[in-house]
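Read through the structure below, which is laid out as structure tokens, and then see the notes.
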Amino acid sequence: MEFILYEVKDMVATITINRPKALNALNSQVLEELDAALDAVDLNTVRCLILTGAGDKSFVAGADIGEMSTLTKAEGEAFGKKGNDVFRKLETFPIPVIAAINGFALGGGCEISMSCDIRICSDNAVFGQPETGLGITPGFGGTQRLARLVSPGMAKQLIYSARNIKADEAYRIGLVNAVYPAGELIPQAEKLAATIAKNAPIAVRNCKKAINDGLQTDMDNALVIEEKLFGDCFETEDQKAGMGNFLEKDKEKKLKVVPFKNC
Ligand code: CAA
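Shown next, in the form of structure tokens:
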């Protein structure tokens, strides 16, 4: 792949969008390669994914403005769908995805980070949806995910004004969970990923599914979703090992690795 780097360490995989000359902007090829990279993740061995950008200046500076500049109405819609499909794959990816935002996260860059489960950033990160300044709406889910993640009022203010915000403001409005000095960002992402990876993998996946699916429906149905995923865990070796270890007071015993069960 030309624009995607993929690395696995222990049970944690890192996908790096690697197009630093264009500040990792997302053209069609980057989106296609990202889609293929996600398909290639070995879910039997990888338990957490980190997504970041190459270089120390930019996570992703948005969708590729050069490529978009000549699109027709139909092509614009198709380009939006191409981004939305990949971002949705990321959002519903069976294992947790941490966005390690190492600089500009503008337009499609902010949008891809919002498709991840957890966002942490470096202190030089800049977020924004500059699309209205370019004569378009956000096109890779920004109108929907920003409004759900922060608040409709804050999302509307940021999107209508096309104003960029720095890391501290992104933290204050709840767009990111933590801000780190640039050099500490990846180690912190890896530390968090390792913490997640040592917990029972099916339980972690079920938690992601319960939260994501539950947010799409009313509370009564959401609780039924949780009950089913909670119940599923009682068929796993991890539940028996995890609870057995507690009862035996054997806190040193690690949870057994079991293959992914489709739930
Ligand atoms: N698309 C294509 N190329 C981009 C790009 C983008 N979104 N962002 C940066 N680049 C390219 C620049 O054209 C430049 O290339 P050249 O060296 O060949 O000229 C290179 O990356 C470096 O960029 P700058 O020289 O502009 O770097 P800077 O430090 O002066 O500025 C920046 C950095 C503020 C991020 C600025 O590059 C910028 O404003 N980029 C555009 C950000 C943006 O508007 N993103 C939203 C795109 S629309 C979108 O994403 C729609 C959607 O929802 C799907």
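Going by the working numbering, the sequence shown opens with residue -6, and the numbers climb by one from there. Beta carbons are placed, not taken as given, at the ideal position from N, Cα and C, and that holds for glycine.
Best match in the options for proximity to residue i [C-alpha to C-alpha]
{"i": "A148", "options": "L139, A155, R156 and T125", "result": "L139"}
{"i": "N77", "options": "P131, I94 and L216", "result": "P131"}
{"i": "A196", "options": "E70, A234 and D3", "result": "A234"}
{"i": "I113", "options": "E0, I8, Q181 and N192", "result": "Q181"}
{"i": "E230", "options": "A193, K242, A98 and G207", "result": "A193"}
{"i": "I158", "options": "G121, Q150 and G102", "result": "G121"}
{"i": "I8", "options": "G176, P123, I94 and G135", "result": "I94"}
{"i": "E70", "options": "I218, F133, G224 and L99", "result": "F133"}
{"i": "A30", "options": "E241, M(-6) and T45", "result": "M(-6)"}
{"i": "V23", "options": "V34, I10 and L16", "result": "I10"}
{"i": "L(-2)", "options": "T45, R141 and G101", "result": "T45"}
{"i": "N199", "options": "K242, Y164, C226 and G96", "result": "C226"}
{"i": "I58", "options": "K66, E124 and L42", "result": "E124"}
Near the ligand CAA: residue i beta-carbon under 7 Å from a heavy atom
{"i": "L16", "result": "yes"}
{"i": "D57", "result": "yes"}
{"i": "E124", "result": "yes"}
{"i": "A93", "result": "no"}
{"i": "E104", "result": "yes"}
{"i": "F133", "result": "yes"}
{"i": "G54", "result": "The displayed chain sequence assigns Ala, not Gly, to residue 54. True, at least one ligand heavy atom lies under 7 Å from that Cβ."}
{"i": "I152", "result": "no"}
{"i": "L64", "result": "no"}
{"i": "G100", "result": "yes"}
CA-to-CA distance, residue j to residue i, given in whole angstroms
{"i": "Q144", "j": "Q137", "result": "Before going on, a small fix: residue 144 reads as Ser here, not Gln. If you take the alpha carbons of S144 and Q137, they lie about 11 Å apart."}
{"i": "E162", "j": "L168", "result": "9 Å"}
{"i": "N238", "j": "T188", "result": "18 Å"}
{"i": "L222", "j": "M212", "result": "15 Å"}
{"i": "M236", "j": "E104", "result": "39 Å"}
{"i": "N20", "j": "E183", "result": "27 Å"}
{"i": "R12", "j": "E228", "result": "44 Å"}
{"i": "A215", "j": "K14", "result": "44 Å"}
{"i": "D206", "j": "I218", "result": "7 Å"}
{"i": "E25", "j": "F(-4)", "result": "10 Å"}
{"i": "L61", "j": "M4", "result": "First, the amino acid is wrong: residue 61 is Met here, not Leu. Distance between the alpha carbons of M61 and M4 is about 37 Å."}
{"i": "A47", "j": "T210", "result": "37 Å"}
{"i": "C256", "j": "K201", "result": "In this predicted model, C256 has a pLDDT of only 37, less than 50, meaning its place in the structure is not dependable enough to derive any value."}
For residue i: DSSP bridge partner residues
{"i": "R112", "result": "A92"}
{"i": "A121", "result": "Correcting the residue type first, residue 121 is Gly in the shown sequence and not Ala. DSSP output for G121 lists L99 as bridge partner(s)."}
{"i": "L42", "result": "A6 and V90"}
{"i": "S51", "result": "F97"}
{"i": "I158", "result": "F120"}
{"i": "L19", "result": "A56"}
{"i": "L(-2)", "result": "T9"}
{"i": "A171", "result": "I113"}
The stretch 37 to 49 touching the stretch 68 to 76, judged by at least three CB pairs closer than 8 Å: No, the stretch 37 to 49 is not in contact with the stretch 68 to 76.
Stretch pair the stretch 78 to 91 + the stretch 48 to 63: three plus CB contacts closer than 8 Å: They do not touch, by the three-pair rule.
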